[in-house]
Amino acid sequence: MDVVGRGTVLAGRYRVLQPLASDLEGSPAWQATDQILDRSVRVRILISGNVPQALDAARRAALVSDPRLVRVLDVGSHEGVSYVVSEEVRGPSLADLLARGPLTGDQARAIVGEVAAALEIARRRGVHHLALRPSVVHITPDDRVLLTGLAFDGALLGQGLGDARTTTRADTVGLVRLLYAALTGRWPVGAHDLVPTTGLGTLRAAPLATDGPIPPGDLVAGVPADLDTLCVVTLGPNDDGPHSPAELVRELEPWGEIRSIGLAGRADSGPPVPTGAAAAATAPSLAPAHVDRQSVRATFEQSPAGPRRTGTPPPAHPGIAFPPVSSGPEHPSAPPRVERPAAAGPLFPRVEPVVAPALEARPDPGFPPGPPPSVPLAQPGTPWNQPERPSGFGLPFDDRIDEPERLSERRFDPTKVVIAFVAVAVVIGVIIAFQLLTKPVTPRGDVAPAPTVTRSASASAGSAAPSAPAAQPSSAASTVPTGGTPVIASVSTIDPSDPAGEHAEIAARAVDGDPATAWYTHTYNQPNFGGMKPAVGFVLNLASPATVTSVTLHVNGTGGNVELRATDAASPTAGTVLASGPLSADTVLTLSTPTKTSSIVLWFTALAQTADGSNRIEITEITVS
21 MDVVGRGTVL AGRYRVLQPL ASDLEGSPAW QATDQILDRS VRVRILISGN
71 VPQALDAARR AALVSDPRLV RVLDVGSHEG VSYVVSEEVR GPSLADLLAR
121 GPLTGDQARA IVGEVAAALE IARRRGVHHL ALRPSVVHIT PDDRVLLTGL
171 AFDGALLGQG LGDARTTTRA DTVGLVRLLY AALTGRWPVG AHDLVPTTGL
221 GTLRAAPLAT DGPIPPGDLV AGVPADLDTL CVVTLGPNDD GPHSPAELVR
271 ELEPWGEIRS IGLAGRADSG PPVPTGAAAA ATAPSLAPAH VDRQSVRATF
321 EQSPAGPRRT GTPPPAHPGI AFPPVSSGPE HPSAPPRVER PAAAGPLFPR
371 VEPVVAPALE ARPDPGFPPG PPPSVPLAQP GTPWNQPERP SGFGLPFDDR
421 IDEPERLSER RFDPTKVVIA FVAVAVVIGV IIAFQLLTKP VTPRGDVAPA
471 PTVTRSASAS AGSAAPSAPA AQPSSAASTV PTGGTPVIAS VSTIDPSDPA
521 GEHAEIAARA VDGDPATAWY THTYNQPNFG GMKPAVGFVL NLASPATVTS
571 VTLHVNGTGG NVELRATDAA SPTAGTVLAS GPLSADTVLT LSTPTKTSSI
621 VLWFTALAQT ADGSNRIEIT EITVS
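Residue numbers for the sequence shown follow the numbering used here, so the first one is 21 and each next one is one higher.
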């Protein structure tokens, strides 16, 4: 399609520069420049597939904020072609890294753990990826994980349907498949494969056993036992293993930091020899060959080889150095190694621990001096350069080296602040009490004018000439409204199929006084919500009970149907329908009888159709009178 190409300016703002790699057919990617903010952006053109669902998914993904998720900046169309603008992505993808070979166990654990933590944040907002593959995971130059394609990749491929449990499990299985690929350099195609062809990229398919992919430990030596078991259980024929990203995070943590320069796998090990089922399944295709497992971006750092690389290992604590790590097998169940000839050296130099000299000049007072420990601080096979720390939710390891020394600087004694607050409260109390005690007391005889007028008016009700003072209060009392003016205090949404509601996080946009913002539902294939639910509700909670005569809706779209009831969120369909009808740009719902209530439920039993032909409700403003 020639609508978008080099030099095209989308929406008068984004100038398309050059094409980028994309593994989704019908969705090319381009590098572009935001001419207003003068920044580089990434543009995805949506040519084929489930484009309306993908656009709606991109809008939902824009509401999720996490530093590990690529931000969606804009969603729109240009001459009939839809596009999604996101922030620029720097650094190689996991597919690029795995094209050079599998990763070490600690690096695979860290990368997948960070992706799982990000997807758990998205899951809590009701957003899922559903198209996980190595090409959507990137490692930035500052060693951060970035995930692209949240929600709209899966929607474009038609994977957006299903209940919350099914979609959450699908993302979790996709994460474990990423872990399998990172450990072996092979893609585990199987029953859970959501992207049948595009997930492979440059990776070969993993050999299959009768009950699923061959265990990673049978393909590559040195795979940690817990990761091997996790892959086998989750990718097997049964519905076992973690069922949410949060459960997977608990299985993987703790993990170390993702480092540009680190140990290049088991450099002294021989070629991995498939064992057990892998030996039979891979005999024709897997000849004995050396597999060097690399750190995340070691192959992209073309620095000269040497005996040491400054700054590679982080010290565990000032004044304590790590002893040499045992060269024994990483796990008792790891496949046996084949001895290599002396002439066949490792592809990557072995890195020795280096203790920073600056740390030796500042010993920690909390650790008394003494001889080094006589036993290793790490079990054989444990990567010494990866500290034991919580997952990406905590402080980086290097930032915590000086933690004991900085604790005294951050200690805070709240006693003085508490005493100050108490003193201020006492002073205020004394002032209020003094004012009450010294306030002039109104004589009893002067308090009676209002009751006297009331009694006078009652006594002279039959008189032909009532006094003027008695008539004035009687007139004022007759003009006071019985329920007061309706004031909207809060709003919420109701989704019979989801306790979280329908886009409840943006419900306040319908009453913020800004017609440029809107609350909207999901987009459905049919006006009857695609048969997924009977209706969607919008609740207006008033500041106090008031008499309501009409409710005005400013809507982007026409058609559908709405019912108005004086009820609450607990029983949205209870009571009489006080007003109903189809939606239009300015929908006025006049109640059949003015009703005093404290809450109103707008019950949408059919969806309106927007200008672009989508079935959804879009309300820019609601007023009550």
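Heads up, the beta-carbon is just placed ideally off N, CA and C, and yes, glycines get one too.
In angstroms with no decimal places, state the Cα-to-Cα distance between residue i and residue j.
i           : j           : result
residue 63  : residue 545 : 26 Å
residue 145 : residue 456 : 52 Å
residue 209 : residue 201 : 10 Å
residue 532 : residue 641 : 7 Å
residue 652 : residue 570 : What is shown of the chain runs 21 to 645, which leaves residue 652 out entirely.
residue 185 : residue 625 : 26 Å
residue 272 : residue 247 : 8 Å
residue 631 : residue 579 : 11 Å
residue 647 : residue 72  : Lying outside 21 to 645, the shown extent of the chain, residue 647 is not represented and no answer is given.
residue 26  : residue 264 : 42 Å
residue 142 : residue 178 : 19 Å
residue 313 : residue 124 : The predicted model places residue 313 with a pLDDT of 45, which falls under 50 and marks its position as unreliable; any figure quoted below should be read in that light. So the two alpha carbons sit approximately 5 Å from each other.
residue 238 : residue 207 : 15 Å
residue 447 : residue 171 : 57 Å
residue 699 : residue 136 : The structure shown does not extend to residue 699, since the chain spans only 21 to 645, so no value can be given for it.
residue 577 : residue 628 : 6 Å
residue 24  : residue 633 : 23 Å
residue 54  : residue 435 : 52 Å
residue 130 : residue 166 : 13 Å
residue 229 : residue 194 : 19 Å
residue 292 : residue 240 : Low confidence applies to residue 292: its pLDDT is 41, below 50, so where it sits in the model is not reliable, and the reading given next is rough at best. Using only the alpha carbons, I get a separation of about 5 Å.
residue 126 : residue 183 : 34 Å
residue 452 : residue 445 : 11 Å
residue 644 : residue 568 : 7 Å
residue 296 : residue 636 : Since pLDDT at residue 296 reaches only 43, below the 50 mark, its modelled position is unreliable, and the value read off the structure follows with that caveat. Computed Cα separation, rounded: 55 Å.
Please go through the same chain and pick out, in chain order, the residues whose beta-carbon is closer than 7 Å to the beta-carbon of residue i, but skip the five residues on each side of it.
i           : result
residue 205 : 118, 121, 122 and 223
residue 31  : 96 and 98
residue 509 : 561, 562 and 563
residue 113 : 154, 155, 157 and 158
residue 93  : 61, 105, 106 and 107
residue 548 : 626
residue 608 : 570 and 572
residue 187 : 148 and 150
If we call anything under 8 Å between Cβ atoms a contact, is residue i one with residue j?
i           : j           : result
residue 253 : residue 235 : no
residue 44  : residue 176 : yes
residue 132 : residue 57  : no
residue 598 : residue 582 : no
residue 102 : residue 150 : no
residue 49  : residue 42  : yes
residue 279 : residue 163 : yes
residue 232 : residue 203 : no
residue 152 : residue 191 : yes
residue 590 : residue 617 : no
residue 100 : residue 161 : no
Using a Cβ-Cβ cut-off of 8 Å (strictly less than) and excluding sequence neighbours within five positions of residue i, which residues of its own chain qualify?
i           : result
residue 259 : 189
residue 613 : 598
residue 518 : 146 and 184
residue 37  : 26, 50, 51, 52 and 53
In its own chain, which residues sit with a C-beta less than 6 Å from the C-beta of residue i, not counting the 5 before and 5 after it?
i           : result
residue 539 : 526, 527, 529, 530 and 639
residue 461 : Confidence at residue 461 is low in this model, with a pLDDT of 43, below 50, so the placement of that residue should be treated as unreliable; the coordinate-derived value is given next. Here the set comprises nothing.
residue 78  : 92, 95, 104 and 172
residue 553 : 516 and 517
How would you label residue i, buried or exposed, when you count the other beta carbons within 10 angstroms and need 16 or more for buried?
i           : result
residue 620 : buried
residue 391 : Below a pLDDT of 50, predicted positions are generally treated as unreliable, and residue 391, at 41, falls in that range; the measurement from the model is reported next regardless. So residue 391 counts as exposed.
residue 147 : buried
residue 505 : exposed
residue 104 : buried
residue 109 : buried
residue 90  : buried
residue 558 : buried
residue 242 : buried
residue 514 : buried
residue 276 : buried
residue 84  : buried
residue 596 : exposed
residue 227 : buried
Using a threshold of 7 Å, is the CB atom of residue i nearer than that to any non-hydrogen atom of the ligand PLP?
i          : result
residue 89 : Annotation note on the ligand PLP: not contained in the displayed structure, which lists no ligands.
Under 8 Å between C-beta atoms, does residue i make it to chain C?
i           : result
residue 197 : In the displayed structure, chain C is absent; only one protein chain is listed.
Mind pulling the beta strand (DSSP E) runs of 3 or more residues that sit fully within the segment 554–600?
-> 556–575 and 579–585
Can you list, in chain order, the stretches of the alpha helix (DSSP H) that have 4 or more residues and sit fully within the segment 115–175?
-> 125–143
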